[in-house]
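Chemist: Residue numbers (the numbering used here): 35 to 246.
Submitted below is the structure of interest, expressed as structure tokens.
Okay, structure coming up:
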């Protein structure tokens with residue numbers, strides 16, 4: 035995105051190693067892993083995606099972290115307040131890797147974010163939270179109707195409709211909110227571009243936007 039800083043010194047260790055101007059410069063393995071992923075603290079792409087909101091790097095995201103993160107990404111107060119629906123709906127699934135009872139503070143647990151994966155999504159994240167590059171490329175091959183390397187609003191609408199599963203209104207709603215937020219954050223010249231979306235999936239784009 036125009037004006038985004040390319041420096042990486044302010045990024046946390048788990049994200050800094052994956053940030054580069056060229057999002058294709060770090061080859062992605064068939065299982066979604068990255069060839070330069072640290073063996074000491076491996077993170078899935080889905081965990082990296084939400085690490086932007088875990089500023090103290092303690093593996094726990096509070097509702098206030100979600101709100102502050104959305105504000106830092108440039109969303110207005112009203113939209114950022116709406117983002118508090120994220121911990122309302124996704125706190126408990128991530129809690130299942132800990133005590134079974136709900137977290138009274140609606141905190142999200144980064145290590146178990148894959149448990150919050152919902153139906154009717156794009157399938158770019160697998161059930162463990164790894165990035166599936168073949169699925170990602172296939173998504174653009176199928177829905178980039180103009181072949182520009184970016185998805186228009188109508189392309190995203192077609193993608194969302196195609197991935198809706200039967201009897202899954204919750205998944206439809208979550209997917210709609212996610213794609214709407216993605217459009218508001220990423221669209222340039224009326225399209226969500228492939229490299230930007232890929233950087234969004236692994237979370238590196240959030241840090242670039244916040245540092246711009």
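Where a beta carbon is used, it is the ideal one built from N, C-alpha and C, also for glycine.
1) Buried or exposed: residue 70, going by 16 or more other Cβ atoms within 10 Å of its Cβ?
2) Start and end of the alpha helix (DSSP H) containing residue 169?
3) Can you check whether the CB of residue 165 is closer than 8 Å to the CB of residue 236?
4) Tell me residue 184's beta-bridge partners as DSSP assigns them.
5) How is the alpha helix (DSSP H) around residue 215 delimited, first residue to last?
6) What is the residue span of the alpha helix (DSSP H) that residue 123 lies within?
7) Considering only residues of the same chain and omitting the five flanking positions on each side of residue 240, which have a CB-CB separation below 6 Å?
8) Inspect the beta-carbon positions of residue 194 and residue 209 and report whether they are closer than 8 Å.
9) Between the Cα of residue 10 and those of 106, 232, 128, spot the shortest distance and give me the residue it belongs to.
10) According to DSSP, which residues form a beta bridge with residue 142?
11) What's the C-alpha gap between residue 163 and residue 156?
12) Leaving out five residues on either side along the sequence, give the residues of the same chain with a beta carbon under 6 Å from the beta carbon of residue 137.
13) Suppose contacts are defined by Cβ-Cβ distances below 8 Å. Is residue 143 in contact with residue 93 by that definition?
14) What's the gap between the Cα of residue 107 and the Cα of residue 132?
15) Taking contact to mean 3 or more Cβ pairs, one atom from each stretch, closer than 8 Å, check whether the segment 191-206 and the segment 104-121 are in contact.
16) Between the C-alpha atoms of residue 224 and residue 121, what's the straight-line distance to the nearest angstrom?
17) Quick one: residues in its chain with C-beta nearer than 7 Å to the C-beta of residue 179, no 5 flanking neighbours on either side, listed in chain order?
18) Taking the beta carbon of residue 242 as the centre, do at least 16 other beta carbons fall within 10 Å, making it buried, or is it exposed?
Modeler: In terms of the structure at hand:
1) Per-residue confidence for residue 70 stands at a pLDDT of 42, beneath the threshold of 50, marking its modelled position as unreliable; the derived number appears in the next sentence. Exposed, because fewer than 16 other Cβ atoms sit within 10 Å of the Cβ of residue 70.
2) Counting along the chain, the unbroken alpha helix (DSSP H) around residue 169 starts and ends at 167-177.
3) yes
4) Note: residue 184 sits in a beta bridge opposite 227.
5) 203-220
6) 119-129
7) Once the five neighbours on either side are set aside, the close Cβ partners of residue 240 are 86.
8) yes
9) Beyond the ends of the chain as shown, which are 35 and 246, falls residue 10; an answer cannot be given.
10) 95
11) Their backbone Cα atoms lie some 12 Å apart in a straight line.
12) 125, 129
13) yes
14) 30 Å
15) The answer is no - the segment 104-121 does not touch the segment 191-206, with fewer than three Cβ pairs under 8 Å.
16) 30 Å
17) 189
18) buried
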